[in-house]
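The opening residue of the sequence shown carries number 66 in my numbering; numbering runs sequentially from there.
Okay, structure first, notes after.
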Amino acid sequence: MLPIVQSEMTALLENLRLLETLVTAPLGLHSDIKMLRQSLPVDGASDLDANELRQRRTEISKSIEDVSFMALKTIENISSSLTLLDSFKLDSGSKLSEGWISRAGKVLIRSKEKVTSKIRQLSVEKLKGLYVIIDPEVTGGRPIVEVAEAALTGGASAIQYRDKINDKNLILQNSLDLQTLCSNHDALFIVNDYADIANLSNANGLHIGQNDLSVESSRLITTNDQIIGKSNNTIDEAITSQSEAPDYLAIGPIYPTSTMGKDKKRPVGIETIKEIKSRGIPVLVAIGGINTNNAMTVTKAGADSICVASSVTLSDNPETAARELVSSLQTDK
Numbered sequence: 066m067l068p069i070v071q072s073e074m075t076a077l078l079e080n081l082r083l084l085e086t087l088v089t090a091p092l093g094l095h096s097d098i099k100m101l102r103q104s105l106p107v108d109g110a111s112d113l114d115a116n117e118l119r120q121r122r123t124e125i126s127k128s129i130e131d132v133s134f135m136a137l138k139t140i141e142n143i144s145s146s147l148t149l150l151d152s153f154k155l156d157s158g159s160k161l162s163e164g165w166i167s168r169a170g171k172v173l174i175r176s177k178e179k180v181t182s183k184i185r186q187l188s189v190e191k192l193k194g195l196y197v198i199i200d201p202e203v204t205g206g207r208p209i210v211e212v213a214e215a216a217l218t219g220g221a222s223a224i225q226y227r228d229k230i231n232d233k234n235l236i237l238q239n240s241l242d243l244q245t246l247c248s249n250h251d252a253l254f255i256v257n258d259y260a261d262i263a264n265l266s267n268a269n270g271l272h273i274g275q276n277d278l279s280v281e282s283s284r285l286i287t288t289n290d291q292i293i294g295k296s297n298n299t300i301d302e303a304i305t306s307q308s309e310a311p312d313y314l315a316i317g318p319i320y321p322t323s324t325m326g327k328d329k330k331r332p333v334g335i336e337t338i339k340e341i342k343s344r345g346i347p348v349l350v351a352i353g354g355i356n357t358n359n360a361m362t363v364t365k366a367g368a369d370s371i372c373v374a375s376s377v378t379l380s381d382n383p384e385t386a387a388r389e390l391v392s393s394l395q396t397d398k
């Protein structure tokens, strides 16, 4: 066996061992990963007992808060190894069988679906709190990155970039800048409307409206680990949207608002939040006319997150405005 092939087979084995350590459920998937590892035609493929597996898992869990991102990277490494090995013209004794490669491909798809689902769950958990929309038309003439940074410093847990006036090249560049900013603040970055921009900027997610691409179509463009949220103005819209399986729903405007007034949407009120939550909607973002005076009422009604624009972005001091809103939510607890 060529040294480079031997090296790649060893790397493949180690990554399969790591994936087996990281993906422990469901049991059927874990067993399939184990069988792949054991059937790999390389020395030491079967040498991993239950005690060693538990020890590895314990060591990793001590150093990493959540293993999902490591698991996703491991899946990518395995895929790269398979692609490289398949590119070599190997003799029958060294070559992975077509059956093994086919099984591996199916197991990796299932593993990726499981891991990215977990990553989306973690992202949605971060969404809870203060969610700020940054719109170049609603910053008082200030640079969007400046306003976004102030909101994040004030405690915003998520930033959505909504831009209806600039060309997509500039929107992409702004998205890349905002993604970096949000990452530095351990906050989510969401792109409004444009699934392609969300993908290219490596955003945490995409937010769509009733007249945009469906959730299903959007997922064909975004990556598996990116969340998708959808706007709604009525209970019926929310029920229909939930059938598309987005990661979260937004409802609004809750109160009268000039920011959303251009869409001529009527305020839905607090009772709509209660009604939607009673129908088992897991994560609900409330938007429209929310400020420090009513934020507590909104969260008590069942909203998991409050989404604002002008109350922060048009404030003389966006950082202070964000901090006061976050404080009002914490007071509610």
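Beta carbons are placed, not taken as given, at the ideal position from N, Cα and C, and that holds for glycine.
| query | result |
| --- | --- |
| Min CB distance D258 to chain C below 8 angstroms | Absent from the structure is chain C; it holds one protein chain and no more. |
| For S279, the nearest candidate out of G294, N269, D290, N289 (CA to CA) | G294 |
| Collapsed DSSP secondary structure at F134 in the structure displayed | helix |
| Distance, N239 Cα to L149 Cα | 36 angstroms |
| Contacts around Q395, its chain only, beta-carbon distance under 8 angstroms, and the 5 residues preceding and following it disregarded | none |
| Where G294 falls: helix, strand or coil (DSSP) | strand |
| Cβ neighbours of A260 in the same chain (closer than 6 angstroms, five flanking residues each side left out) | L271, S283, I286, T287 |
| One or two residues paired with H272 in a DSSP bridge | N257, G294 |
| Bounding residues of the alpha helix (DSSP H) (the contiguous stretch that carries S188) | 163 to 192 |
| Pair within 8 angstroms by beta-carbon distance, L84 and S176 | yes |
| Cross-strand partners of I199 (DSSP beta bridge) | Y226 |
| Cross-strand partners of S370 (DSSP beta bridge) | G194, V350 |
| Closest Cα partner of L265 within the set I304, D242, I166 | D242 |
| I316, enclosing beta strand (DSSP E) - first and last residue | 313 to 316 |
| Cβ shell of M74 (< 6 angstroms), same chain only, five flanking positions each side left out | V107 |
| Same chain, Cβ closer than 7 angstroms to E281, neighbours up to 5 away in sequence not counted | E309 |
| Straight-line gap, E302 to Y313 (C-alpha atoms, nearest Å) | 13 angstroms |
| Distance between N358 and K398 (C-alpha atoms, nearest Å) | Since pLDDT at K398 reaches only 48, below the 50 mark, its modelled position is unreliable, and the value read off the structure follows with that caveat. If I take the Cα positions, the gap works out to 16 angstroms. |
| Burial state of R227 (16 or more Cβ within 10 Å) | buried |
| Where L237 sits in the DSSP three-state scheme | helix |
| Local Cβ density within 10 Å of R82, reported as buried at 16 or more and exposed below that | buried |
| Q21 to G164 span [Cα, whole Å] | The requested residue 21 is not part of the displayed model; the chain covers only 66 to 398. |
| As assigned by DSSP and simplified to three states, the class of D397 | In this predicted model, D397 has a pLDDT of only 47, less than 50, meaning its place in the structure is not dependable; the value taken from the coordinates is given anyway. DSSP places D397 in helix when its eight states are reduced to three. |
| Cβ-Cβ distance between F134 and I184 below 8 angstroms | yes |
| Coil, strand or helix - R344 by DSSP | coil |
| Spatial distance of S380 from Q291 (CA atoms) | 30 angstroms |
| For Q307 and K342, the rounded distance between their alpha carbons | 12 angstroms |
| S146 versus N269 - alpha carbon distance | 27 angstroms |
| Coarse secondary structure for G334, derived from DSSP in three states | coil |
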